[in-house]
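Contents: one structure, followed by commentary.
There are 2 protein chains.
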Amino acid sequence: MALIVQKYGGTSVGSIDRMRNVAARIKRTRDAGNQVVAVVSAMSGVTDGLIKMAKDLSGNPCERELDVLLATGEQQSIALVTMALRELGIDAVSITGRQAGIHTTGSHTRGRILNMDPTLMRGFLDEGKTLVVAGFQGITPDGMIHTLGRGGSDLTAIAVAASLKADVCQILTDVDGVYTCDPRVVKNARKLPEISYDEMLEMASSGSKVMQSRSVEFAKKFGVVFEVRSSLNDNPGTLVLEEHPNMENVVIRGVSIERSQARVTITGIPDEPGMSGRILGALGEAEINLDMIISNIAHDGFARHSFTMHSSDLGRAQAALKPLLAELSQSKIETEAGIAKLSVVGIGMRSHSGVAAKMFKALGDAGINIGMISTSEIKIAVTVEESRIEDAARAVHNAFKLDQAPV
Amino acid sequence: MALIVQKYGGTSVGSIDRMRNVAARIKRTRDAGNQVVAVVSAMSGVTDGLIKMAKDLSGNPCERELDVLLATGEQQSIALVTMALRELGIDAVSITGRQAGIHTTGSHTRGRILNMDPTLMRGFLDEGKTLVVAGFQGITPDGMIHTLGRGGSDLTAIAVAASLKADVCQILTDVDGVYTCDPRVVKNARKLPEISYDEMLEMASSGSKVMQSRSVEFAKKFGVVFEVRSSLNDNPGTLVLEEHPNMENVVIRGVSIERSQARVTITGIPDEPGMSGRILGALGEAEINLDMIISNIAHDGFARHSFTMHSSDLGRAQAALKPLLAELSQSKIETEAGIAKLSVVGIGMRSHSGVAAKMFKALGDAGINIGMISTSEIKIAVTVEESRIEDAARAVHNAFKLDQAPV
Chain A
1 MALIVQKYGG
11 TSVGSIDRMR
21 NVAARIKRTR
31 DAGNQVVAVV
41 SAMSGVTDGL
51 IKMAKDLSGN
61 PCERELDVLL
71 ATGEQQSIAL
81 VTMALRELGI
91 DAVSITGRQA
101 GIHTTGSHTR
111 GRILNMDPTL
121 MRGFLDEGKT
131 LVVAGFQGIT
141 PDGMIHTLGR
151 GGSDLTAIAV
161 AASLKADVCQ
171 ILTDVDGVYT
181 CDPRVVKNAR
191 KLPEISYDEM
201 LEMASSGSKV
211 MQSRSVEFAK
221 KFGVVFEVRS
231 SLNDNPGTLV
241 LEEHPNMENV
251 VIRGVSIERS
261 QARVTITGIP
271 DEPGMSGRIL
281 GALGEAEINL
291 DMIISNIAHD
301 GFARHSFTMH
311 SSDLGRAQAA
321 LKPLLAELSQ
331 SKIETEAGIA
341 KLSVVGIGMR
351 SHSGVAAKMF
361 KALGDAGINI
371 GMISTSEIKI
381 AVTVEESRIE
391 DAARAVHNAF
401 KLDQAPV
Chain B
1 MALIVQKYGG
11 TSVGSIDRMR
21 NVAARIKRTR
31 DAGNQVVAVV
41 SAMSGVTDGL
51 IKMAKDLSGN
61 PCERELDVLL
71 ATGEQQSIAL
81 VTMALRELGI
91 DAVSITGRQA
101 GIHTTGSHTR
111 GRILNMDPTL
121 MRGFLDEGKT
131 LVVAGFQGIT
141 PDGMIHTLGR
151 GGSDLTAIAV
161 AASLKADVCQ
171 ILTDVDGVYT
181 CDPRVVKNAR
191 KLPEISYDEM
201 LEMASSGSKV
211 MQSRSVEFAK
221 KFGVVFEVRS
231 SLNDNPGTLV
241 LEEHPNMENV
251 VIRGVSIERS
261 QARVTITGIP
271 DEPGMSGRIL
281 GALGEAEINL
291 DMIISNIAHD
301 GFARHSFTMH
311 SSDLGRAQAA
321 LKPLLAELSQ
331 SKIETEAGIA
341 KLSVVGIGMR
351 SHSGVAAKMF
361 KALGDAGINI
371 GMISTSEIKI
381 AVTVEESRIE
391 DAARAVHNAF
401 KLDQAPV
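Chains A and B, in that order, are what the protein sequence lines are. The numbering used here numbers the first residue of the first sequence as 1 and each following residue consecutively. The numbering used here numbers the first residue of the second sequence as 1 and each following residue consecutively.
Right, dumping it as structure tokens:
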């Protein structure tokens with residue numbers, strides 16, 4: 001008898017009818033001879049409604065209290081899904097984050113999992129019960145309610161699977177797997193049967209928002225093999241696991257795109273120690289997430305730095321840099337919005353050369369200009385004009401024949 | 001510095017604006033030099049909405065899961081009221097039932113308080129914080145969420161006051177105290193400055209629905225003096241406390257009425273051991289709450305029993321008695337709806353005679369017929385026709401001069 005952890009998001013449990021569907025799916029998994037631990041999110045809309053009430057009361061609600069408030073959303077879901085299961089004759093029991101033994105650390109509303117104590121869950125499983133666990137929540141070392149921030153329910157599912165040594169962890173969502181590229185952009189994109197943790201991480205940080213990076217990192221750290229699959233059908237999804245030798249036969253696993261990017265370039269920076277730190281520090285204090293960062297020394301002896309960020313951060317970035325630029329008489333700031341990022345990702349890159357050349361040729365043949373370039377061991381990312389990003393994705397996807405399953 | 005426990009019901013915290021009013025009131029109490037522990041209910045409507053979702057999923061929702069579901073209502077209130085307090089600059093912190101150390105026993109949805117561990121609350125109070133405690137909830141010995149049933153938040157407030165040895169416990173509600181009679185019926189009814197636990201218990205069981213009996217019993221058991229007062233103004237309310245010698249100067253504390261009563265009389269019952277048990281057993285199994293119970297032996301050698309109950313239970317009572325009556329050929333059932341109950345309550349009755357005579361004379365003078373009569377040490381209750389209950393209340397209220405403060 002296998003132990004299967006299934007994670008259902010807010011849309012999957014978004015109404016009483018949908019909860020019945022979730023219960024039916026859990027029952028099917030159970031009837032097939034498995035034990036099931038379901039991890040559920042708050043009903044879609046509930047969390048937003050609670051945040052709205054908090055914001056009505058306070059411009060800056062106390063984060064400890066936000067955790068107490070928001071944790072009720074998942075608590076309602078576990079009780080209701082458990083009732084739906086019991087209505088189908090399944091001996092189910094709800095489990096809060098505290099009861100699941102999810103011990104956390106870090107600031108309120110942004111908890112990190114410190115360790116897991118699955119004693120209570122294990123006891124219920126030994127009695128043959130089906131468990132419905134609240135995602136997104138845990139407790140601090142002094143017993144306070146703590147939430148895990150965005151994507152927290154995925155993290156709960158991975159952590160529960162790790163602590164119970166589950167055989168399978170299924171992340172059931174509104175996409176039916178990880179694709180070689182966004183199928184809305186590249187019609188012949190192909191669902192990947194498997195992808196390594198590292199590739200998944202690079203895809204996540206490159207705009208493929210199937211899962212948050214930290215859940216994938218947690219799974220990698222604890223060796224939890226998980227599957228991303230649809231909550232709407234029974235098709236196999238994509239397995240995410242540690243890389244194995246066969247995987248390297250594929251040079252490129254996928255192409256990901258990220259729109260609405262902007263570039264800031266600062267020229268004429270004195271070539272002195274500490275200057276980069278001051279610039280990045282000013283942007284960090286303004287809580288601007290930088291993506292690509294490129295620095296070099298120009299032939300005039302001054303340095304220049306370029307960064308990309310989400311275009312909605314551009315105004316705040318300019319404001320944050322203003323005081324520093326006022327000090328540096330030679331410096332100028334140059335900005336460009338309306339760009340997008342294209343990345344190719346694959347662990348096969350480590351042992352294959354010529355990937356960049358092939359990618360750049362494909363873009364050149366399509367008449368698409370490349371802006372910034374940045375690389376990691378298993379990724380090459382470039383910026384292009386946002387108006388050409390879909391053409392760029394199709395050109396690169398074709399060049400690497402990603403529509404064809406590897407032999 | 002006094003420690004004051006204040007209980008706010010669902011109507012008092014029924015909207016964001018009302019929560020702000022509650023916070024302002026707590027701040028005033030705090031500014032007057034007191035420490036405050038507020039016990040709050042779920043926002044009015046929230047609990048009903050949750051129950052509706054549960055009933056949509058199941059005709060008979062699992063009670064363990066109902067507890068998990070319903071406890072979220074109070075958890076939301078404590079977080080929001082705490083945010084409102086912090087917005088006023090008060091260093092407040094929310095406390096769930098578990099964190100308040102409310103340990104319970106009994107069935108799910110109908111918990112009883114077993115003991116209290118106020119360690120966490122005490123620690124926060126020592127740091128000078130204001131506490132906002134979730135009413136209506138606690139935890140079972142094995143750490144499961146448990147709710148306390150109807151009136152549970154009053155019970156929480158009394159228990160918190162007992163465990164913290166609070167100086168004052170205020171039950172803030174939509175009435176501004178306990179009256180000699182319902183002021184909507186008797187215009188010159190007078191607010192009582194104080195009432196003994198036992199009188200309050202008899203009033204509660206006689207239709208004065210200010211508080212549930214078990215909260216009063218709990219307060220009596222642990223010697224918690226509490227005050228019933230309005231959440232809408234700062235007028236003093238009614239203190240509920242152990243009787244003291246001065247209280248006995250008043251013969252009758254108040255008059256209470258209960259409408260929509262019905263009577264069932266069974267005649268011709270064989271005078272055999274066990275017959276009363278079988279009759280009461282049949283009604284108990286049908287979960288019918290009996291109020292007055294009168295039995296006697298008629299001169300024909302058969303017994304007759306009369307009971308009163310809420311008139312909405314009459315049909316079920318008749319159905320429940322049918323099998324038994326089919327066995328007893330001499331028995332007949334007679335029912336009467338459209339009656340009401342009038343009670344006079346006062347500990348002074350113990351040392352004063354003639355109370356019943358005065359009461360019956362007042363009713364007779366008003367031309368009101370008395371049906372059943374039942375008495376306890378500090379209460380005399382009678383049934384009258386429901387159409388005459390208000391006249392009856394005014395006649396008795398006048399006869400005992402309850403509109404005048406005792407000298």
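Where is the CB? At the ideal position from N, CA and C, for every residue including glycine. Remember, predicted model here, so these are calculated numbers, not experimental data.
- When C-beta distances to chain B are compared with 7 Å, the residues of the stretch 72-93 of chain A below that value are Thr72, Gln75, Gln76, Ile78, Ala79, Leu80, Thr82, Met83, Ala84, Arg86, Glu87, in chain order.
- Annotation for Arg112 of chain B: the continuous beta strand (DSSP E) segment containing it runs 112-116.
- Its chain contains Val178, Glu194, Ile195, Ser196, Tyr197, Met200, Val216, Ala219, Val225, Phe226, Glu227, Val228 as the residues whose beta carbon lies nearer than 8 Å to that of Val240 of chain A, once the 5 sequence neighbours on both sides are disregarded; these appear in chain order.
- Closest by C-alpha distance to Leu324 of chain A, out of A:Val36, A:Met372, A:Gly274, A:Asp300, is A:Gly274.
- One Cα belongs to Ser353 of chain B, the other to Val186 of chain B, and the distance between them is close to 25 Å.
- Counting other Cβ atoms within 10 Å of its Cβ, Ser153 of chain A reaches 16 or more and is therefore classed as buried.
- In this structure, Leu342 of chain B keeps its C-beta atom at 8 Å or more from the C-beta atom of Arg253 of chain B.
- Distances from the CA of Gly59 of chain A to each of B:Glu87, B:Asp126, B:Val93, B:Met247 were compared; the closest alpha carbon is that of B:Glu87.
- Around the beta carbon of Pro141 of chain B, a 10 Å sphere encloses fewer than 16 other beta carbons of the protein chains shown; the residue is thus reported as exposed.
- Proximity of the stretch 89-106 of chain B to the stretch 153-163 of chain B meets the contact definition, three or more beta-carbon pairs being nearer than 8 Å.
- Assignment of beta-bridge partners to Phe360 of chain A by DSSP yields no partner.
- At a Cβ-Cβ threshold of 8 Å, Val210 of chain B and Gly346 of chain B do not count as neighbours.
- Taking 8 Å as the cut-off between beta carbons, the residues of the stretch 37-58 of chain A near chain B are Leu50, Met53, Ala54, Asp56, Leu57, Ser58, in sequence order.
- Here the alpha carbon of Met121 of chain A sits roughly 27 Å from the alpha carbon of Glu242 of chain A.
- The CB of Val133 of chain B never comes closer than 7 Å to any CB in chain A; the least such distance is about 12 Å.
- The alpha-carbon of Thr82 of chain A is positioned some 15 Å away from that of Ile145 of chain B.
- Under the Cβ distance rule, Leu69 of chain A counts among the residues neighbouring chain B, one pair being separated by less than 8 Å.
- If the five residues before and after Arg20 of chain A are omitted, its C-beta is found closer than 7 Å to the C-beta atoms of Ala84, all from its own chain and listed in chain order.
- Put simply, the stretch 302-322 of chain A does not touch the stretch 355-363 of chain A. Fewer than three CB pairs are less than 8 Å apart.
- Taking all protein chains in view, the Cβ of Arg150 of chain A is surrounded by fewer than 16 other Cβ atoms within 10 Å, so the residue is classified as exposed.
- Pairing Leu69 of chain A with Ala79 of chain B gives a Cβ-Cβ distance under 8 Å.
- By the Cβ criterion, the stretch 381-397 of chain A is not in contact with the stretch 36-56 of chain B, since fewer than three pairs of Cβ atoms, one from each stretch, lie closer than 8 Å.
- Annotation for Met200 of chain A: the continuous alpha helix (DSSP H) segment containing it runs 197-204.
- At least 8 Å separates the CB of Pro118 of chain A from every CB of chain B.
- With a 10 Å radius around the Cβ and a threshold of 16 neighbouring Cβ atoms, Gly111 of chain A comes out buried.
- The CB of Met19 of chain A comes closer than 8 Å to the CB of Leu57 in chain B, given here in chain order.
- Think of a sphere of 8 Å around the beta carbon of Gly143 of chain A: the chain B residues whose beta carbon falls inside it are Gln99, Leu120, in chain order.
- Under DSSP, the beta-bridge partners assigned to Gln137 of chain B are B:Thr147.
- Under the three-state reduction of DSSP output, Asn233 of chain A falls in the coil class, being neither helix nor strand.
- Look at His352 of chain B here: in three-state DSSP terms it is coil, with no helix or strand label.
- DSSP places Gly97 of chain B in the coil class of the three-state scheme, outside both helix and strand.
- For Ile368 of chain A, not one C-beta of chain B is nearer than 8 Å to its own C-beta.
- Within 8 Å of the CB of Cys62 of chain A, the CB atoms of chain B belong to Thr82, Met83, Arg86, in sequence order along the chain.
- Looking at B:Arg304, B:Thr96, B:Ala337, B:Thr130, the one whose alpha-carbon comes closest to that of Gln330 of chain B is B:Arg304.
- Annotated three-state conformation of Met309 of chain A is strand, per DSSP.
- Contact check for Gln76 of chain A and Leu50 of chain B: beta-carbon distance about 7 Å, within the 8 Å limit, so the pair qualifies.
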